[in-house]
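Comments concern the structure below.
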Amino acid sequence: MRQFTTSKYKRAKRRRTTTLSLMIGLFIIAFFTTTTILSLNPFETGNPLATEATIGQTVIAPWQYDGTDNNGNLLFFNGYETTRIPAKAKRFSADGQFVNIESHTADTITYEPALDAQLFNPVSIVLGILVITSLLALPFVLGTFSRNLGKRTWKNRRISKNRPR
Numbered sequence: 008m009r010q011f012t013t014s015k016y017k018r019a020k021r022r023r024t025t026t027l028s029l030m031i032g033l034f035i036i037a038f039f040t041t042t043t044i045l046s047l048n049p050f051e052t053g054n055p056l057a058t059e060a061t062i063g064q065t066v067i068a069p070w071q072y073d074g075t076d077n078n079g080n081l082l083f084f085n086g087y088e089t090t091r092i093p094a095k096a097k098r099f100s101a102d103g104q105f106v107n108i109e110s111h112t113a114d115t116i117t118y119e120p121a122l123d124a125q126l127f128n129p130v131s132i133v134l135g136i137l138v139i140t141s142l143l144a145l146p147f148v149l150g151t152f153s154r155n156l157g158k159r160t161w162k163n164r165r166i167s168k169n170r171p172r
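In this note's numbering, the protein residues as written are 8 to 172.
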């Protein structure tokens with residue numbers, strides 16, 4: 008009967024540890040989601056990520072906006088090289104970075120950084136998998152540790168048997 012009681016206690020303790028670790032994981036996910044939403048400021052009129060650049064200002068380092076040519080194509084330069092993209096293009100990519108073009112005139116361009124290229128890079132995906140795996144493994148690690156902590160070795164049993172009461 009005693010064995011059943013301790014086993015039930017251990018199961019309840021593991022269940023409590025599992026619940027606690029999952030709650031911590033959900034709190035972390037909710038915290039980062041909330042801070043992302045609040046940093047975008049939904050009450051701001053227009054796109055909060057949109058940036059405007061005029062001729063000579065940097066769009067993607069070191070690429071700068073150079074206006075339009077006679078055909079309406081957008082021009083970008085980086086000091087020694089000029090790139091021309093069609094006027095209807097919605098994305099400009101250079102040096103492994105991307106920006107989404109919202110609108111442009113002959114001397115200004117409005118763009119926003121491409122979030123899909125920045126938020127979901129391989130490092131953040133691997134870190135997310137590691138965090139979730141460690142949170143799921145935490146109850147098992149703690150359960151093994153607590154089971155081994157209470158075990159008595161042969162030496163401890165011998166000493167306790169010979170000890171006078």
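Glycine included, every Cβ here is placed at the ideal spot set by N, Cα and C.
Here the structure is a predicted model, which is why all the values come from computation and not from measurement.
When only Cα atoms are considered, residue 130 and residue 77 end up about 43 Å apart. Uninterrupted alpha helix (DSSP H) stretches at least 4 residues long and entirely within the stretch 26-75 do not occur. Secondary-structure assignment with DSSP links residue 119 through a beta bridge to 107. If the five residues before and after residue 65 are omitted, its C-beta is found closer than 6 Å to the C-beta atoms of 71, all from its own chain and listed in chain order. As DSSP reads the structure, residue 82 sits in a beta bridge with 91.
Nearest in C-alpha terms to residue 111, of all of 24, 69 and 75, is 75. Between the alpha carbons of residue 92 and residue 56 lies a distance of about 22 Å.
Relative to residue 30, the option among 143, 109 and 114 whose CA is nearest is 143. If you compare the alpha carbons of 80, 85 and 86 with that of residue 96, the shortest gap goes to 80. Excluding its 5 nearest sequence neighbours in each direction, residue 101 has C-beta neighbours in its own chain below 6 Å: 67 and 70, listed in chain order. The C-beta distance from residue 109 to residue 117 rounds to 5 Å, short enough to fall under 8 Å. Short of 6 Å from the beta carbon of residue 149, and not among the five residues preceding or following it, lie these beta carbons of its own chain, in chain order: 24.
In terms of CA proximity to residue 63, 83 leads the group 134, 83 and 103.
Assigned with DSSP and collapsed to three states, residue 96 falls in coil, not helix or strand. Exclusion of the five residues before and after residue 145 leaves 28 as the residues of its chain whose Cβ lies within less than 6 Å of its Cβ.
Judged by their CB atoms, residue 58 and residue 120 are nearer to each other than the 9 Å cut-off. Close CB contacts of residue 89 within its chain, under the 8 Å cut and outside five residues either way in sequence, are with 73, 82 and 83 (chain order).
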